[in-house]
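Going by this note's numbering, the first residue of the sequence shown is number 5, and it counts up by one from there. Heads up, the beta-carbon is just placed ideally off N, CA and C, and yes, glycines get one too. To start, the structure under review is shown below, and the notes come after it.
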Amino acid sequence: MNNFNELWQSVLMYCKERVVSTAYDLWFSSIEIVSFENGKATLSFSNEFKKSTVISQYGDLISEGFEKICGFPVEIEYICPENIASKKESFQDLENFKNDILTFDNFIVGPSNKFAYTAAKAIAADPGGQISKGNNLTNYNPLFIYGNSGLGKTHILNAISYEVKKNFPEMKVVYIKSEEFANEFISCLGKHTVDEFHDKYRNNIDVFLVDDIQFIAGKTSTEEEFFHTFNALVDKGKQVVLTSDRPPKEIHTLADRLRSRFVSGLLADIQTPEYETRCAIIKRKAELLNFEIPDNVVNYIAERIKSNIRQLEGTTKRLHAMCVFSNQVPTISLAQTAIKDIIQDVQPLPVTINRIVEEVSRTTGVSIEDIYSKKRSSNISLARKMCFYIIRETTSMSYEAIGKEFNNMDHSSVLYNIQKMETLLKTDSNLNSRVLDIINNIKDSN
5 MNNFNELWQS
15 VLMYCKERVV
25 STAYDLWFSS
35 IEIVSFENGK
45 ATLSFSNEFK
55 KSTVISQYGD
65 LISEGFEKIC
75 GFPVEIEYIC
85 PENIASKKES
95 FQDLENFKND
105 ILTFDNFIVG
115 PSNKFAYTAA
125 KAIAADPGGQ
135 ISKGNNLTNY
145 NPLFIYGNSG
155 LGKTHILNAI
165 SYEVKKNFPE
175 MKVVYIKSEE
185 FANEFISCLG
195 KHTVDEFHDK
205 YRNNIDVFLV
215 DDIQFIAGKT
225 STEEEFFHTF
235 NALVDKGKQV
245 VLTSDRPPKE
255 IHTLADRLRS
265 RFVSGLLADI
275 QTPEYETRCA
285 IIKRKAELLN
295 FEIPDNVVNY
305 IAERIKSNIR
315 QLEGTTKRLH
325 AMCVFSNQVP
335 TISLAQTAIK
345 DIIQDVQPLP
355 VTINRIVEEV
365 SRTTGVSIED
375 IYSKKRSSNI
385 SLARKMCFYI
395 IRETTSMSYE
405 AIGKEFNNMD
415 HSSVLYNIQK
425 METLLKTDSN
435 LNSRVLDIIN
445 NIKDSN
């Protein structure tokens, strides 16, 4: 393996396939590997809270991931240097988002993604029409890219930022996930620093890249803030690019005025890659790893993994690690093992109660601990009812089984809460939309 960062990316991929996407984005994506030597890995966190949470909730999974990838138990040290904490307080700009690998040159184009790719290249050549002074009729603002998880949306965002920085170094490019935008805004409200937030996002950006915009839906104050930020940037001719797992019309709790803004530019979808594209992706990933894979092994992987580019790349990286550590050449037999470890025989991971509770917690703002508690305040009670209803809708669990997960609640109480939720959904269209969005998020995370 080229370096310990490559090893860590393989461990992250292993963990990503075994936790809900919101949990991964919240707890795993910001972890940095500092070193790996003599069977010991050192992982660094941006703050003490994240470190303690990951150790208690996901420490065993990370240890398991290292052992699976390396083939032997790995000692893990968790640290939280103060200099890293201060570094992470600033928003993500191009300098720490830019990836020399995730460029347009390394994006494998096929019928499933050509439209989005072509639109993104046009935007990178003339962001917001700032170069042609608005005379370029092929410029689109905003560009809204949507498609299932793992199909290359974030790759395109990185490619845009890389290309803009290369051609127009004076331009300020900002990338942020919508949840980070929401959390920062809420923090500024509490600190009474909203004016600084406005100046940061409305006056100092040339290209604004926002990932997973669907997660601001239903958050009224954040939607209001994003609406004004969006308008301020577009009115000044600044480029906005958004990604989502679904088109605006299917983000049910999104405010109508935001939905109309999002569809005022260009919508570009990314579909599941075709067989030939999947083969090309595997070969390109192997090439970047200086790894030779026989065509029969490439074909085997492409035939088994059909709907997720991250899984194609993860399997290739996993196979590469296996071959390096065991000093073997890639074979179909090894590929079978790599696929099995990465995606569990290519079957979707089952919807679990933990996934549902995490998503309800993220959407409602009620903590996971309170949802599982016996507290009866109205907001906690509603979140718990939502969990019961969604579990019933997305799993085959019995009322008795659901009750056992929630402090051994009697099955009749579970049934009563579900019936109450059904009544609420018939009369509260906003609540109904929130529940539909949660169910969609859970399905997408599978």
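query	result
Any contact between the region 102 to 118 and the region 224 to 234? By contact I mean 3 or more CB pairs, one from each, below 8 Å.	no
Give me the Cβ distance between Ser400 and Gly407, rounded to the nearest whole Å; I'm assuming they're in contact under 8 Å.	Actually they do not touch by this definition, with Cβ atoms about 15 Å apart.
Could you tell me the distance, in whole angstroms, from the CA atom of Gly133 to the CA atom of Tyr121?	18 Å
Could you spell out where the beta strand (DSSP E) holding Ile83 opens and where it closes?	79 to 83
From what residue to what residue does the alpha helix (DSSP H) around Val4 run?	Because the chain here runs from 5 to 450, residue 4 falls outside it and cannot be looked at.
Work out the CA separation of His256 and Ser433 for me, nearest whole Å.	10 Å
If you compare alpha carbons, which of His159, Ile135, Asp104 is closest to Asn117?	His159
For Leu440, which three-state DSSP category applies?	helix
Name the DSSP bridge partner or partners of Tyr150?	Ser248, Asp273
So who's on the other strand from Gln243, going by DSSP bridges?	Val211
Ignore the nearest five residues each way along the sequence and tell me which others in Leu258's own chain have a CB closer than 7 Å to its CB.	Ala221, Pro252
Starting from the C-beta of Ile313, find all residues in its chain whose C-beta is less than 7 Å away, skip the five residues before and the five after it, and write them out in chain order.	Gly154, Leu155, Gly156, Pro277, Ile285
Considering Phe40, what are the terminal residues of the beta strand (DSSP E) in which it resides?	36 to 41
Compute the Euclidean distance between the alpha carbons of Ile443 and Val333, then round it to the nearest angstrom.	43 Å
When the Cα atoms are used, what is the spatial distance from Thr335 to Leu11?	21 Å
Just verifying my parser: in three-state terms, what is the DSSP assignment at Ala128?	helix
Can you tell me whether Ile309 is buried or exposed, with buried defined as 16 or more other CB within 10 angstroms of its CB?	buried
According to DSSP, simplified to helix, strand and coil, what is Ile180?	strand
Can you grab the Cα-Cα spacing for the pair Ile190 / Ala387, in whole Å?	21 Å
Out of curiosity, what's the CA-to-CA distance linking Tyr144 and Gln423?	47 Å
From which residue to which residue does the alpha helix (DSSP H) around Ser330 run?	313 to 330
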